[in-house]
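Since the structure comes first, as structure tokens, the remarks are kept for the end.
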Amino acid sequence: FVTATVSKVHDFLRNEAKSTKVIGAESLEDMVSKLKSPRRVILLVKAGQAVDDFIDKLVPLLQPGDIIIDGGNSEYRDTTRRCQSLKAKGLLFVGSGVSGGEEGARHGPSLMPGGHKEAWPHIKDIFQSIAAKVGTGESCCDWVGDEGAGHFVKMVHNGIEYGDMQCYFCSELDSFLIEITANILKYRDTDGTHLLPKIRDSAGQKGTGKWTAISALEYGIPVTLIGEAVFARCLSSLKDERVLASKSLKGPQGAKFTGDKDQFLEDIRKALYASKIISYAQGFMLLRQAAKEFGWSLNYGAIALMWRGGCIIRSVFLGKIKEAFDRDSELQNLLLDGFFTNAVQDCQASWRRVVSTGVELGIPMPSFTTALSFYDGYRHAMLPANLLQAQRDYFGAHTYELLSNPGHFIHTNWTGHGGNVSSTSYNA
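Sequential numbering from 1 applies to the sequence shown in my numbering.
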């Protein structure tokens with residue numbers, strides 16, 4: 001069914017929908033009256049108040065057991081709230097992540113439905129038939145989990161997309177973003193020159209990457225690469241300030257690369273691959289923590305499969321992630337899977353050479369550097385956080401644990417005559 005302005009509905013039926021089974025409706029009442037029970041109504045509107053407004057209009061027209069589906073980029077907590085509200089009214093609600101852009105809309109997107117599972121049998125065949133297909137015809141759609149799980153998974157997908165767009169090329173990944181980046185780099189303007197250098201270097205964002213970074217902070221998960229990708233866009237938006245700063249802030253003067261360029265290109269390729277692994281490892285860390293917080297039973301291998309086709313971050317690389325979770329469904333971190341452990345080890349020397357060269361030449365590489373810093377932190381059994389704990393205890397009496405007695409918290413009078421500040425006076 002299609003609803004819009006009456007004239008647009010008629011135009012659509014006369015043109016794109018001609019000779020199809022599409023039926024037009026001139027109002028919500030008209031549309032609902034033509035739907036079979038249980039009615040399944042999909043909303044594709046801007047996230048936020050518009051979704052609530054449409055739901056408010058639909059509720060009086062529906063019967064118990066009818067299903068409302070939100071296919072927009074809604075914040076997962078809004079989806080949870082709507083699930084609870086509509087359940088009290090006897091209605092079923094599904095919040096479905098949808099990825100794929102214009103191409104996915106026409107040829108099959110990745111779909112990530114969550115919400116009231118009772119609705120799944122009524123929409124499963126429809127969703128899986130319209131979703132993108134990979135491999136031997138496997139659908140890039142499966143049930144994700146309760147309440148806001150579908151939109152949470154889509155949010156993490158979008159966060160990884162931010163990281164992917166900071167990491168441009170890697171042949172192992174064979175991804176959609178690499179594909180379009182190659183086309184963009186080759187594209188020439190009407191005057192025969194390349195178009196890319198003419199585009200203003202101030203990147204926009206819709207906020208879903210920011211949501212991922214905020215959720216990572218809320219749940220205490222170091223999703224550093226996605227966070228840095230968001231901050232890189234924020235920095236790019238300070239165009240006027242950067243132009244001014246470029247005239248007075250100096251870096252390496254006249255520095256040029258003097259090494260073997262062919263070898264360094266291979267180093268860059270490996271650095272990109274390693275950084276990509278870190279980005280996905282962090283994304284799945286956040287999914288695992290959210291599952292614990294909300295009691296969701298997430299199938300991480302199935303999520304990787306959902307992302308393999310139709311969506312913006314689709315790549316062959318996701319098949320390796322699915323295989324990792326097939327080997328161990330309780331895998332704590334992708335880096336601990338044998339394939340990814342070996343892949344990062346193989347890339348490590350190149351990764352470090354690229355980062356150190358970039359620092360020496362004054363080239364900003366936010367994704368490479370933050371990914372490497374995370375890797376080095378994650379692989380160390382001991383970190384200097386013990387000094388942080390001692391400092392917190394010194395100025396705020398926040399206490400600390402000893403390695404020899406975890407779970408037992410103690411406070412030290414560090415000077416013998418001071419350092420006994422009440423913890424209520426400073427909370428860092």
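A virtual CB, placed ideally from N, CA and C, is assigned to each residue, including glycine.
Whether residue i touches residue j by CB criterion (8 Å)
{"i": "residue 279", "j": "residue 225", "result": "yes"}
{"i": "residue 308", "j": "residue 134", "result": "yes"}
{"i": "residue 271", "j": "residue 344", "result": "no"}
{"i": "residue 287", "j": "residue 298", "result": "yes"}
{"i": "residue 86", "j": "residue 68", "result": "yes"}
{"i": "residue 236", "j": "residue 201", "result": "yes"}
{"i": "residue 33", "j": "residue 63", "result": "no"}
{"i": "residue 79", "j": "residue 65", "result": "no"}
{"i": "residue 435", "j": "residue 159", "result": "For residue 435 there is no data in the structure shown, the boundaries of the chain being 1 and 428."}
{"i": "residue 185", "j": "residue 140", "result": "no"}
{"i": "residue 216", "j": "residue 223", "result": "yes"}
{"i": "residue 45", "j": "residue 89", "result": "no"}
{"i": "residue 277", "j": "residue 354", "result": "no"}
{"i": "residue 296", "j": "residue 302", "result": "no"}
{"i": "residue 91", "j": "residue 57", "result": "no"}
{"i": "residue 357", "j": "residue 257", "result": "yes"}
{"i": "residue 82", "j": "residue 55", "result": "yes"}
{"i": "residue 43", "j": "residue 71", "result": "yes"}
{"i": "residue 208", "j": "residue 73", "result": "yes"}
Residues near residue i in its chain [Cβ-Cβ closer than 8 Å; skip 5 each side]
{"i": "residue 252", "result": "360, 361, 362"}
{"i": "residue 262", "result": "none"}
{"i": "residue 123", "result": "40, 67, 69, 94, 113"}
{"i": "residue 187", "result": "194, 195, 196"}
{"i": "residue 264", "result": "257, 353, 354, 357"}
{"i": "residue 281", "result": "333, 334, 335, 340"}
{"i": "residue 198", "result": "189"}
Nonlocal neighbours in the same chain, by C-beta distance under 7 Å from residue i, ignoring five residues either side
{"i": "residue 415", "result": "none"}
{"i": "residue 324", "result": "331, 334, 337, 339, 340"}
{"i": "residue 107", "result": "none"}
{"i": "residue 364", "result": "none"}
{"i": "residue 163", "result": "225, 226, 229, 279, 367"}
{"i": "residue 6", "result": "26"}
{"i": "residue 30", "result": "none"}
Neighbour-count burial assignment, residue i, 16 or more Cβ in a 10 Å radius
{"i": "residue 18", "result": "exposed"}
{"i": "residue 234", "result": "exposed"}
{"i": "residue 379", "result": "exposed"}
{"i": "residue 98", "result": "buried"}
{"i": "residue 377", "result": "exposed"}
{"i": "residue 410", "result": "exposed"}
{"i": "residue 393", "result": "buried"}
{"i": "residue 372", "result": "buried"}
{"i": "residue 157", "result": "buried"}
{"i": "residue 155", "result": "buried"}
{"i": "residue 383", "result": "exposed"}
{"i": "residue 142", "result": "buried"}
{"i": "residue 401", "result": "exposed"}
{"i": "residue 180", "result": "exposed"}
Coil, strand or helix - residue i by DSSP
{"i": "residue 196", "result": "helix"}
{"i": "residue 122", "result": "helix"}
{"i": "residue 382", "result": "coil"}
{"i": "residue 231", "result": "helix"}
{"i": "residue 144", "result": "coil"}
{"i": "residue 298", "result": "coil"}
{"i": "residue 188", "result": "strand"}
{"i": "residue 366", "result": "helix"}
{"i": "residue 402", "result": "strand"}
{"i": "residue 30", "result": "helix"}
{"i": "residue 222", "result": "coil"}
{"i": "residue 257", "result": "coil"}
{"i": "residue 327", "result": "helix"}
{"i": "residue 214", "result": "helix"}
{"i": "residue 52", "result": "helix"}
{"i": "residue 19", "result": "coil"}
Cutoff 6 Å; reference residue i; Cβ partners in own chain excluding five residues on either side
{"i": "residue 171", "result": "Residue placement at residue 171 is flagged as unreliable, the pLDDT there being 48, under the threshold of 50; the coordinate-derived value follows with that caveat. If we look at residue 171 and ignore the five residues flanking it on each side, it has no Cβ neighbours."}
heavy atom of the ligand SAH below 7 Å from residue i C-beta
{"i": "residue 389", "result": "Looking for the ligand SAH in the displayed structure turns up nothing, as the structure carries no ligands at all."}
* To do: Flag this pair as touching only if the region 41 to 56 and the region 6 to 17 have three or more C-beta atom pairs under 8 Å; answer yes or no.
  => no
* Asked: Would the region 147 to 161 and the region 114 to 126 be scored as touching if the rule is three or more Cβ pairs under 8 Å?
  -> yes
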